[in-house]
Amino acid sequence: MGTRKIVMFGSTGLLLAGILLAPAWQAQGELERGHELYKTHCASCHGDDGKGVQGVKAATLNNEGLLKAASDEYLLTSIRMGRPSLEKNAMPHFDAQKLPDEKVSLIIKNIRSWHPEIPAPVEKGEKVAGDPVKGEAYYKTACAACHGQKGEGGIGAALLDPGFLNSASDEFILHSITSGRPGTNMPPYPDSQDIRNVVSFLRNKQVPYDPAAKKEAGKAESKDKAAADGEKSKN
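Dropping the structure here:
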C-alpha cells in the first residue's frame, strides 16, 4: 500500500473519529458552560454543589426527590418567577433578557448532571381532584409545623409563595409530597385523598403573578415615597 493511501485512510479515520466524538465533546462543553452559569447566577444561595449554603434559605437542588418531581418546565418557570415572598432571602426572578432560555437550559443540564440516572419527568397536565376545605384542615395538621400556618414557610418551603404556585403543577406538588425530600425533614407521604385535598387547597390559593409588573410597581412605590419624604422635609 502506497504512502498516499496510508495517509488517506489515516485522515479518513481521524475524520470519522471526530464525527463520532463530536456529540460527546458538545455535551461536555454544554455541561461546563452550564456549571459556569450556575456558579454565576445560582451558587451563592443554592451552593456550588446544589446542596445549599448555611444560613441561606433556598431550595436544595441536588436532591433526588426534587429531581424526580421537577420537570424542566418547572425549573425554567421557577427561574423566571423567582420566590418573592421570602423577604430578605427572596429569590429574584430572571427574565429572558437577563438570562435567555438557551442559558437557562444549560443551567438545568448542570442541575440534572448531579443525578444523571434520574430522567427528567414529563408532565401530562393532569389536575388533582380534591376538596380545598378539607385540604386546609389536613394541611394545618400535617404540614403547617414546617411550612407555616399560612404557607409562609419555616423549616420547609413557602408553599403559598406566588412564584412557587405559578411554577408548580398539580403533578409536581403531588409527586413532591409522595416522594418527600431525602436527606431533609420532608418525609414521603402515601398518596391518599387527604394529600390530594392538600394539593387542591394549595391550588385554590394561587393568584396571577407577574414578576416584571411587581418590580415596576415597587419602583413606582419607592418614587412616591421619596417624593412624599421630600415634601415633608420642606415643611
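Residues -27 to -1, 1 to 208 in mature numbering (1 follows the signal peptide of the UniProt record, and there is no 0) are what the sequence shown lists, from first letter to last.
Ideal placement from N, C-alpha and C gives every residue a C-beta, glycine not left out.
Nothing here was measured: the structure is a model prediction, and the numbers come from that model.
Inset, instruction - Below 8 Å on the Cβ atoms is my guess for threonine 13 versus glycine 23; work out the distance and round it to an integer in Å. - result: Going by Cβ atoms, the distance from threonine 13 to glycine 23 rounds to 15 Å, so no, they are not a contact pair.
Inset, instruction - Compute the Euclidean distance between the alpha carbons of leucine 147 and serine 140, then round it to the nearest angstrom. - result: 14 Å
Inset, instruction - Measure the Cβ-Cβ separation of glycine 38 and serine 152 and say whether it is below 7 Å. - result: yes
Inset, instruction - Report buried or exposed for glycine 55, applying the criterion of at least 16 other Cβ atoms within 10 angstroms of its Cβ. - result: buried
Legend entry - Cβ neighbours of glycine 121 in the same chain (closer than 6 Å, five flanking residues each side left out): Gly127
Inset, instruction - Have a look at histidine 88 and aspartate 167 and give me their C-alpha separation to the nearest angstrom. - result: 31 Å
Legend entry - Closest Cα partner of serine 149 within the set Gln70, Asp68, Leu138 and Pro161: Pro161
Inset, instruction - Could you round the C-beta distance between alanine 93 and serine 51 to whole angstroms and report it? I think they count as a contact, below 8 Å. - result: Actually they do not touch by this definition, with Cβ atoms about 14 Å apart.
Inset, instruction - Could you tell me the distance, in whole angstroms, from the CA atom of alanine 102 to the CA atom of glutamate 144? - result: 11 Å
Inset, instruction - Compare the C-alpha of cysteine 119 against each of Tyr112, Gly129 and Lys113 and name the closest. - result: Gly129
Inset, instruction - Rank Leu40, Ile84 and Glu46 by C-alpha distance to the C-alpha of leucine 10 and give the top, closest one. - result: Ile84
Inset, instruction - Take aspartate 21 and list the residues in its own chain whose beta-carbon comes closer than 7 Å to its own, dropping the five residues that flank it on each side. - result: Lys12
Inset, instruction - Verify whether the separation of the beta carbon atoms of leucine 79 and glycine 136 is less than 7 Å. - result: no
Inset, instruction - Check the C-beta distance from tyrosine 112 over to valine 171 and give it rounded, since I have them as a contact under 8 Å. - result: 5 Å
Inset, instruction - Can you have a look at proline 73 and say buried or exposed, based on whether 16 or more other CB atoms are within 10 angstroms of its CB? - result: exposed
Legend entry - Contacting residues, own chain, Cβ-Cβ under 6 Å from phenylalanine 67 (five flanking each side not counted): Ile52
Inset, instruction - Can you tell me which of the three DSSP states methionine 64 falls into? - result: strand
Inset, instruction - Name, in chain order, the residues that DSSP records as bridge partners for arginine 56. - result: Met64
Legend entry - Coil, strand or helix - alanine 69 by DSSP: coil
Legend entry - Pair within 7 Å by beta-carbon distance, isoleucine 81 and lysine 41: no
Legend entry - Cβ shell of aspartate 164 (< 8 Å), same chain only, five flanking positions each side left out: Leu147 and Thr151
Legend entry - Beta-carbon contacts of asparagine 36 that lie in its chain and below 6 Å, excluding the five residues immediately before and after: Arg154
Legend entry - Pair within 7 Å by beta-carbon distance, asparagine 177 and proline 105: yes
Legend entry - Proximity of leucine 4 and serine 86 at Cβ, strictly below 7 Å: yes
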